[in-house]
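Working notes, structure below.
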Amino acid sequence: MTFKAEYIWIDGTEPTAKLRSKTKIIAGSPDGLDALPIWGFDGSSTNQAEGHASDRVLKPVAVYPDPIRGGDDVLVMCEVLNIDMTPHESNTRAALAEVEAEFGAQEPIFGIEQEYTFFEGDRPLGFPVGGFPAAQGGYYCGVGTDEIHGRDVVEAHLDNCLKAGLGISGINAEVMPGQWEFQVGPLAPLEVSDQLWVARWLLYRTAEDFKISATLDPKPVKGDWNGAGAHTNFSTKAMREGYDAIITACESLGEGSKPLDHVKHYGAGIDDRLTGLHETAPWNEYSYGVSNRGASVRIPWQVEKDGKGYIEDRRPNANVDPYVVTRLLVDTCCSALEK
Ligand code: ADP
Ligand code: MN
Ligand code: MN
Ligand code: MN
Ligand code: MN
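full-length UniProt numbering numbers the first residue of the sequence shown as 1 and each following residue consecutively.
Structure representation (structure tokens):
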């Protein structure tokens, strides 16, 4: 008996890392992480090594049923190590693991809204050849062939995520034609981040079968068209129990150099998307507010009404690294909440 294990990792492409994967045939049957050996790859082909010392190590960190191959086959999320087993410089997961260990007692959880855009050739899906579709207005959560492009891919991706056991909490059509969103969480920092990377891999892989590509480009069409973000919803146990902690978290994100410290790691091209238009706050001005989709951080109305819940950091780009945004939010907010 053998099974197929698809080892998935994050490469060293600048400024935005890409997903890579390759298949290992393993004897026996899958039995969690223990059945999955450490593996290697050619780091000189992924911007993770020089050719003269190119071996890099893949260490399995999470395993999911493979919804595409089915049967006993699995998807294996990996982190990249050097051959001395230290984290490779492209490995942003290792730093999150440290911060999660430090602040885990506060029980931080995240729900991340992943927006993305389908492309067919060089055009967003639904854009006519050599022109533009009708202006934005009817596409968000729309229905009907005139407004919706790619629903068959979206449904197949959702089913694949659910079969893989990912904690998807919903999907919706977005403001620009061909643009969609899925949400992962709420889950603990490492869990939500591993699962978001796997959900992204499944998005690309599912769309392959439809001869469609998907991109996390934060501003796929210049001009009066919405960009693509990754709103990051966050709470700790104290925030889920009281409003003071909600305000403490919002205030901590505005202190000193924090706004810039965060935004510069919220995805390449952030200043193209956070312009102050299209439901964004300007990238260089921090603000928070109840129900305010023009603020950096939104407190949902229900949270104000209940006096507890979570906050939404609206700044991260669609191409953000979830290991980084969750680490920064836990570090900043949990440090302040600890005082
Ligand atoms: P929006 O109204 O901004 O479009 P969505 O419904 O798309 O919001 O996404 C909200 C996300 O917040 C979901 O992933 C949801 O699971 C998550 N969420 C809900 N409650 C919490 C919480 N207490 N802490 C963190 N995330 C939460
Ligand atoms: Mn080879
Ligand atoms: Mn949403
Ligand atoms: Mn959205
Ligand atoms: Mn949102």
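Each residue gets a CB set at the ideal place from its N, CA and C atoms; glycine is no exception. Every value quoted in this text rests on a predicted model; they were computed, and no experiment measured them.
Residue i classed as buried or exposed, judged by whether at least 16 other C-beta atoms fall within 10 angstroms
i	result
Arg-315	buried
Phe-132	exposed
Asn-160	buried
Thr-2	exposed
Lys-219	buried
residue 389	Residue coverage of the chain in this structure runs from 1 to 339, which leaves residue 389 outside it and unanswerable.
Asp-244	exposed
Asp-146	exposed
Met-85	exposed
Cys-141	exposed
Ile-25	exposed
Gln-302	exposed
Arg-273	buried
Thr-92	buried
Val-143	exposed
Val-129	exposed
Lys-264	exposed
Thr-236	buried
Asp-194	buried
residue 371	Absent from the structure is residue 371, since the part of the chain shown begins at 1 and ends at 339.
Thr-326	buried
Ile-38	exposed
Among the options, nearest to residue i - alpha-carbon criterion
i	options	result
Asn-317	Gly-142, Lys-237, Leu-166, Gln-114	Gln-114
Glu-89	Asp-72, Leu-166, Ile-10	Ile-10
Ile-109	Leu-190, Val-74, Glu-279, Glu-285	Leu-190
Gly-165	Cys-141, Leu-187, Asn-91, Gly-144	Leu-187
Arg-69	Gln-48, Arg-205, Cys-141, Glu-98	Arg-205
Pro-67	His-52, Glu-6, Ala-94, Gly-289	Glu-6
Asp-217	Lys-4, Phe-127, Lys-18	Lys-18
Arg-151	Pro-124, Trp-180, Gly-167	Trp-180
Trp-225	Pro-259, Val-184, Phe-127	Phe-127
Thr-13	Ala-35, Pro-30, Thr-46, Glu-98	Thr-46
Lys-222	Ile-212, Pro-124, Ile-83	Pro-124
Ile-246	Asn-319, Pro-259, Asp-194, Val-290	Val-290
Ala-134	Leu-162, Leu-260, Pro-177, Ala-95	Pro-177
His-258	Lys-59, Val-330, Leu-277, Gly-227	A small correction: the amino acid at residue 258 is Lys; His does not occupy that position in the sequence shown. When only C-alpha atoms are compared, the closest one is Val-330.
Asn-319	Asp-73, His-157, Ala-97, Thr-232	Thr-232
Cys-334	Val-297, Glu-107, Arg-293	Glu-107
Supposed contact pair residue j and residue i - C-beta distance, whole angstroms, cut 8 Å
i	j	result
residue 349	Ser-169	Any answer about residue 349 is impossible in this case: the structure gives the chain only from 1 up to 339.
Phe-234	Ile-299	Actually they are not in contact, since the Cβ atoms of Phe-234 and Ile-299 sit about 11 Å apart, beyond 8 Å.
Ala-336	Ala-249	7 Å
Val-153	Leu-75	Val-153 to Leu-75, Cβ: 19 Å. No contact.
Ala-214	Phe-103	Not really, about 33 Å apart at Cβ, beyond 8 Å.
Tyr-139	Val-175	6 Å
Ser-54	Asp-72	Not quite, the Cβ-Cβ distance comes to about 32 Å (not below 8 Å), so this is no contact.
Cross-strand partners of residue i (DSSP beta bridge)
i	result
Gly-40	Val-57
Ser-335	Ser-335 pairs with nothing; no bridge assigned.
Ser-21	Ile-8
Ala-62	Met-77
Thr-215	Thr-117
Ala-27	Thr-2
Ala-173	Trp-180
Leu-187	Phe-110
Tyr-288	Val-297
Jot down the residue ranges of each uninterrupted alpha helix (DSSP H) in the segment 224-279, minimum 4 residues, whole runs only, in chain order. 237-241, 243-252, 258-263, 270-273
Just to confirm the assignment: which complete beta strand (DSSP E) runs, minimum length 3, are found wholly within the segment 76-134? 109-120
Every unbroken beta strand (DSSP E) within the segment 132-156, with a cutoff of 3 residues, ordered by chain: none
Taking only runs of the alpha helix (DSSP H) that begin and end inside the segment 300-333, which ones reach a length of at least 4 residues, in chain order? 301-306, 322-329
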